[in-house]
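Note sheet for the following structure.
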Amino acid sequence: MTPTPSRCWPPDVVTAPAAPAGAGAAASLRHVVSEARRRPPRALIALAAAGVLAGGGATALGQSDPVASTVDAFARKNPSISVLVQRLDPSGPVTVASWRPDTSLTPASTMKIVTSASALLTVGPEFRFTTRLEAAPDSTGPGGTVSGPAYLIGAGDPMLATRAYSRASLDKLGTPLEELARNVREQGTTRITGGVVVDETLFDRERMGPMWKSSYRWECPPLSGIAINQNRAQNGINVSSPAIAAGQRLVTALRAAGVEVSGGVRAGRDAPGGEIIGQVRSEPLARILDFMNAHSDNFTAETLTKDVGAYGAGIGATRIGTARAENLLRERGILQADDNFVDGSGLSHSNRVSAATLVGVLRMAQAEPDWGDVLINSLPQGGEGTLIRRLKGPRVRKRIHAKTGYINQVASLAGTVVSTSGTPYAFAFLMNTPDIGGAQKTMDTAVTLLATGRADDAAGLP
């Protein structure tokens, strides 16, 4: 499903004072917060049904309710849970529901919320990756001939692709390889005599995330500073050499654009002081995050993590990107003591994140709209992306933006919701349990209660 460029809270489902016309989802959320009255929290009977009352454990209020009995029983049998729900009042966040919120657990793909935030804070939502083709100094001659090789320089663009792959796999958001080739021809190059040298050295040579199972190579193709078609071959398997595959695909595109290329393709470094003979820019980071979070795309998340290291600290390595993400949250007082970021996608079971950290990131996004609007807008709504079969009810789907997570014995959900009365919340549910179905039902029940105003009523809100 193609991510919607602008996901908005529809005016017919929010009864608080209307947001300005054309406001995006996050901007509308801020408007609701600014207009809301101060409301004292009370015990949330509705959220007790989800086993997430404040105080560190489930309190079985309303046991006569079958939902309360079912979910409370699930919570008592599955104690490895971290939950936090906060109401976003104008005077500051008010915790209305929690279960060991500071406990750091395996987050699965809700880790992509952290990755999104760190990328936005490092390069900004309008940042575009620029992939260049260069010629060595003094190697361009009459008639548009490059005497010697051309140098394809990777920029860490996770979306560089042929148009066919972009249509089939990237929601048409790919950075067109054909446009790079056409730009080379339009700038006057007609012939390259020395083949193509591919420079992928923006990143280190680690192709997988740390502490991954070997089978994860199918969940995430090999990582590289230059990747075309997410380093997938035409038959769908992973390419063996990202640099060589990229160079071969470029040669094909150059020839189709009318540029003669002789000589082979090899990996190497660019020539210092080279002349740019063609380039192509990606979609803005904001659009890339739309794709990544809608589809929970692991390759994009892991590439962006290395980009955070490369563009933020000068080293394109996963460990540097995750360390920078930790530092960004630590500086803002969000990182919890036992949090440990290992990768950017959440594939590793060694990641540790707390519900308090995820809610803190969402709160920070709401407070810093220059980048935060993009983060919240990128999270799917009910019936979209990885929520395609969840939270689809007409009174729920357009009120939420949330990122799912699922790996073996881990289910998670984190995002924002605005209730029928216009009350905004941020929430995070991390459940490390073999009962994935029960965990997802618990989370969906709690979010539905929030969206439909049941928590508002339980808290004594008008």
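Numbers in my numbering are just positions in the sequence shown, counted from 1, shifted up by 51.
C-beta atoms are modelled at their ideal positions from N, C-alpha and C, and glycine is treated no differently.
Source: prediction; values computed, not measured.
Endpoints, beta strand (DSSP E) assigned at residue i
i	result
His-452	451 to 458
Trp-150	143 to 150
Met-482	475 to 482
Glu-229	Unbroken run through Glu-229 is the alpha helix (DSSP H), 228 to 237; no beta strand (DSSP E).
Ser-198	No beta strand (DSSP E) contains Ser-198, which DSSP labels as neither H nor E.
Ile-327	326 to 332
Backbone CA spacing between residue i and residue j [nearest angstrom]
i	j	result
Asn-129	Ser-396	25 Å
Pro-62	Ser-291	Only weak support is given to the placement of Pro-62: the predicted model assigns it a pLDDT of 26, under 50, and the value that follows is read from those uncertain coordinates. If I take the Cα positions, the gap works out to 51 Å.
Val-412	Arg-375	15 Å
Glu-435	Ile-451	11 Å
Gly-192	Leu-211	29 Å
Asp-153	Ser-133	7 Å
Ala-418	Arg-258	36 Å
Asp-394	Gly-195	45 Å
Ser-366	Leu-500	The sequence as given places Ile at residue 366; Ser does not occur at that position. Each residue's alpha carbon lies about 45 Å from the other.
Asp-486	Leu-156	16 Å
Asp-390	Ser-142	28 Å
Ser-85	Gly-473	Because the pLDDT at Ser-85 is just 45, under 50, the model does not fix this residue reliably, and the point stays unresolved.
Glu-230	Gly-360	28 Å
Arg-505	Leu-184	58 Å
Ile-243	Asn-349	36 Å
Val-302	Asn-483	48 Å
Trp-150	Arg-127	11 Å
Glu-326	Ala-232	16 Å
Lys-264	Tyr-216	27 Å
Gly-239	Ala-294	25 Å
Gly-315	Pro-323	21 Å
Arg-306	Ala-186	17 Å
Arg-246	Ser-266	Correcting the residue identity first, residue 246 is Gly in this sequence and not Arg. So the alpha carbons of these two residues sit roughly 35 Å apart.
Phe-178	Val-248	26 Å
Ala-497	Gln-491	10 Å
Asp-507	Leu-336	36 Å
Arg-256	Glu-270	18 Å
Pro-189	Ala-304	At residue 189 the sequence reads Asp, which differs from the Pro that was named. In a straight line, the C-alpha of Asp-189 is about 25 Å away from that of Ala-304.
Val-404	Arg-218	35 Å
Arg-383	Ser-313	53 Å
CA nearest to the CA of residue i, picked from the options
i	options	result
Gly-310	Ala-278, Arg-258, Ala-201	Looking at the sequence itself, residue 310 is Val, so the reference to Gly does not match. The shortest C-alpha separation from Val-310 is found at Ala-201.
Leu-228	Arg-300, Ile-487, Thr-496	Arg-300
Ile-371	Leu-500, Ser-131, Ser-169, Ala-159	Ser-169
Asp-421	Gly-287, Leu-171, Leu-500	Leu-171
Thr-252	Asp-389, Arg-441, Ala-318	Ala-318
Ile-279	Asp-208, Ala-159, Val-359	Asp-208
Thr-471	Asn-459, Tyr-267, Ile-487, Arg-448	Arg-448
Asp-250	Gly-260, Ala-297, Ser-217	Ala-297
Phe-254	Leu-305, Ser-266, Arg-320	Arg-320
Lys-454	Leu-464, Gln-460, Arg-446	Leu-464
Lys-357	Trp-150, Gly-199, Asn-459, Val-174	Val-174
Ser-333	Pro-293, Pro-176, Pro-144	Pro-176
Leu-481	Ile-427, Asn-402, Arg-381	Asn-402
Glu-237	Ala-308, Ala-186, Lys-163, Ser-217	Ala-308
Asn-459	Val-145, Pro-158, Ala-497	Pro-158
Pro-445	Ala-490, Gly-433, Asn-289, Met-415	Gly-433
Leu-221	Arg-338, Thr-146, Ala-284	Arg-338
Thr-213	Ala-284, Ser-313, Val-147	Ala-284
Ser-347	Ala-219, Val-197, Ser-429, Met-494	Ser-429
Contact belief for residue i with residue j at Cβ below 8 Å, rounded distance in angstroms
i	j	result
Thr-226	Gln-330	Thr-226 to Gln-330, Cβ: 11 Å. No contact.
Gly-276	Gly-205	4 Å
Leu-519	Ala-479	No answer is possible for residue 519: the residues shown for the chain start at 52 and end at 513.
Ala-406	Leu-135	4 Å
Thr-161	Gly-456	4 Å
Pro-431	Ala-345	5 Å
Leu-340	Val-468	Leu-340 to Val-468, Cβ: 20 Å. No contact.
Ser-131	Met-262	About 19 Å; that fails the 8 Å criterion.
Leu-224	Phe-392	26 Å between Cβ atoms; not a contact.
Ala-352	Lys-163	5 Å
Arg-520	Pro-144	Absent from the structure is residue 520, since the part of the chain shown begins at 52 and ends at 513.
Ile-328	Val-235	6 Å
Thr-369	Gly-287	Going by Cβ atoms, the distance from Thr-369 to Gly-287 rounds to 25 Å, so no, they are not a contact pair.
Asn-282	Arg-268	That pair is no contact at about 10 Å.
Thr-31	Leu-355	Because the chain is modelled from 52 through 513, residue 31 falls outside the range shown and cannot be assessed.
Asp-495	Arg-440	About 10 Å separates the two Cβ atoms, so there is no contact after all.
The alpha helix (DSSP H) enclosing residue i, as first and last residue numbers
i	result
Arg-138	Per DSSP, Arg-138 belongs to no alpha helix (DSSP H); it is in the beta strand (DSSP E), 132 to 140.
Asp-358	349 to 364
Arg-381	369 to 382
Gln-417	406 to 418
Val-174	162 to 174
Asp-250	It is not in any alpha helix (DSSP H) - Asp-250 instead sits in the beta strand (DSSP E) that spans 247 to 250.
Leu-305	293 to 307
Ser-220	214 to 220
Ile-487	487 to 502
Ile-339	336 to 346
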